[in-house]
């Protein structure tokens, strides 16, 4: 069942041209949470060689939507807030999102974004948002 | 002087590989505000044919940083919050950011993101964030 | 009609024991916006003699709800974010909220909170939130 | 050492007239986290008999500041965002805050607010904010 969810989630991701452009992968997707990741490439960076904030927040936003969608079904991000904690320097970004609370039509979710560099995994951003059931 | 700022701001933007990837333009940049825009391309979309939320929030985040930087100098986004108001369907996104209040080391900025479709300009997202002076 | 709204809004405020405890007044209430105010008393302060952040954010939150309610009818604050810009030192707080965008069931609103001291009116906080129609 | 922190934190709380007005208690205070609580009284409510959102967000805001202060020393809330998850109906509110990440001058903290009713403890709000070291 969870494998079906993961397969379904990957199809949705593959149908998002922007996610394909960035090379995003759905690593995990199950009721209550989701994990998205992408390998950092030169075109993801800003002028100081870090991952651009826009890449970090894209990944957080998308992971929040997946987490909320895991309990709500087809849904979208109504709003979110993100704090950047440190420059995202490394080879890969991983966003881990979870449902903190949910009702019939909305879910409040949190997401932590980590940057991987060698063996180390460092928290580089944290986000909180509201996911809304479509229709 | 403002022309110098605009020229300088465009150089910074051109040095951000992610902004180059997305085709972002700096339309206006002067003390207290900034305007960024990009023409929507197929690779900016999500599965329903709208601009991906990640594109909208990237543009808002970057415009907030420019607005804050216009009064603080070299700076970065510490955190921001964005509300999506309607699907971004159209041919061009425009993000207009302004400084709401600032001190020596931080500025609080707001940004409205519009989608242009034909003659109409529609508000599709609004953001509030904290910009931090570097160093 | 707007006078009826104001009168109605004041009845609602008078039925909130917490607002009565704090001495909040509804100064203006019309389609698209609301203004709440309170005279600062010693019991509103924190340890440095400023208005407690909790008083400032209470006023912002409540003004956001009134603004949203002016277009949605009976409603509540789903979430909001507030930035404190300067210590609230003065004799009176005024929160001015407006609807930035709205649909059938939600409104996104902004609110600026000012502190009055003598003749001067200074911006001390700014907030953005989502208001949700009840029922 | 942690007992000294708790004692110190309680003195700070007792010097906040607004916290005294609301009857807030500092339940726990140690490096990395803080817990604040208050017994709900009739004057804390809004028109539907729930704790007023202003009381819930006051408690979250204050707990975030304590959590950040536990690693930064004297500090204040720069900004925060709160999602209300359910009406706060019960006899007591408890806000549990923790440091998610921190640097020399700022800490990013999260806080969950629970309402206690009989034996049950229910999550009624969740918040994320930036705490700033003073001076």
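Residue numbers (the numbering used here), protein chains in the order written: chain C, 132 to 266; chain E, 132 to 266; chain Y, 132 to 266; chain A, 132 to 266. Backbone N, C-alpha and C fix where the C-beta goes; we use that ideal spot for every residue, glycine too.
- When DSSP assignments are scanned along the segment 133 to 195 of chain E, the uninterrupted stretches of alpha helix (DSSP H) that are 4 or more residues long and fall wholly within it turn out to be 133 to 145 and 148 to 153.
- Across the set A:137, A:161 and A:167, the C-alpha of A:167 shows the shortest separation from the C-alpha of residue 223 of chain A.
- Only residues of its own chain outside the window of five on either side were considered, and among them 154 have a CB closer than 8 angstroms to the CB of residue 172 of chain A, listed in chain order.
- Relative to residue 228 of chain C, the option among C:221, C:211, C:236 and C:152 whose CA is nearest is C:211.
- Put simply, of E:165, E:249, E:180 and E:135 the residue whose alpha carbon is nearest the alpha carbon of residue 226 of chain E is E:165.
- With 16 or more neighbouring CB atoms inside 10 Å of its own CB, residue 150 of chain C falls in the buried class.
- Linking residue 143 of chain Y to residue 186 of chain Y through their CA atoms gives a straight-line distance of about 19 angstroms.
- Closest in C-alpha terms to residue 255 of chain A, from the list A:221, A:265 and A:266, comes A:221.
- Excluding sequence positions up to five before and after residue 202 of chain Y, its CB lies within less than 7 angstroms of the CB of 162, 163, 230, 233 and 238, all in the same chain and listed in chain order.
- Residue environment: residue 181 of chain A is assigned as buried (16 or more neighbouring CB atoms within 10 Å of its CB, all protein chains considered).
- Close partners of residue 212 of chain Y in chain C (Cβ separation under 8 angstroms): 212.
- Cα atoms of residue 245 of chain C and residue 190 of chain A: separation of roughly 29 angstroms, rounded to the nearest angstrom.
- Contact residues of the segment 156 to 189 of chain Y toward chain E are absent (C-beta to C-beta distance below 7 angstroms).
- The criterion of a C-beta distance shorter than 8 angstroms is not satisfied by residue 196 of chain C and residue 188 of chain C.
- Residue pairing by DSSP places residue 233 of chain E opposite E:238 in a beta bridge.
- Chain Y has no Cβ within less than 8 angstroms of the Cβ of residue 208 of chain C.
- In the DSSP assignment, residue 219 of chain A falls outside any beta strand (DSSP E), carrying neither H nor E.
- In this structure, the beta-carbon distance from residue 262 of chain E to residue 200 of chain E falls below 8 angstroms.
- For a cut-off of 8 angstroms, the C-beta gap from residue 242 of chain E to residue 219 of chain E is around 14 angstroms, too long to register as a contact.
- A Cβ-Cβ separation of about 5 angstroms places residue 141 of chain A in contact with residue 157 of chain A under the 8 angstroms criterion.
- Per DSSP, reduced to three states, the secondary structure at residue 202 of chain A is helical.
- The Cβ neighbour count for residue 260 of chain A, taken over all protein chains shown within 10 Å, is at least 16; the residue is labelled buried.
- For the 8 angstroms CB-CB criterion, residue 174 of chain E and residue 148 of chain C form a contact.
- Residue 184 of chain A counts as buried, since at least 16 other C-beta atoms from the protein chains shown sit within 10 angstroms of its C-beta.
- With 16 or more other CB atoms across the displayed protein chains lying within 10 angstroms of its CB, residue 194 of chain A is buried.
- Counting only the Cα atoms, residue 209 of chain C lies some 6 angstroms from residue 215 of chain E.
- Burial state of residue 160 of chain C is buried, judged by a 10 Å Cβ sphere holding 16 or more other Cβ atoms.
- Think of a sphere of 9 angstroms around the beta carbon of residue 261 of chain A: the chain E residues whose beta carbon falls inside it are 209, 210 and 261, in chain order.
- Against chain A, the CB of residue 144 of chain C has no partner CB under 8 angstroms away; the residue lies outside that interface.
- At a cut-off of 8 angstroms between C-beta atoms, residue 257 of chain C counts as an interface residue with respect to chain A.
- Distance from the CA atom of residue 146 of chain Y to the CA atom of residue 146 of chain C, rounded to whole angstroms, is 51 angstroms.
- If the five residues before and after residue 264 of chain Y are omitted, its C-beta is found closer than 6 angstroms to the C-beta atoms of 203, 206 and 236, all from its own chain and listed in chain order.
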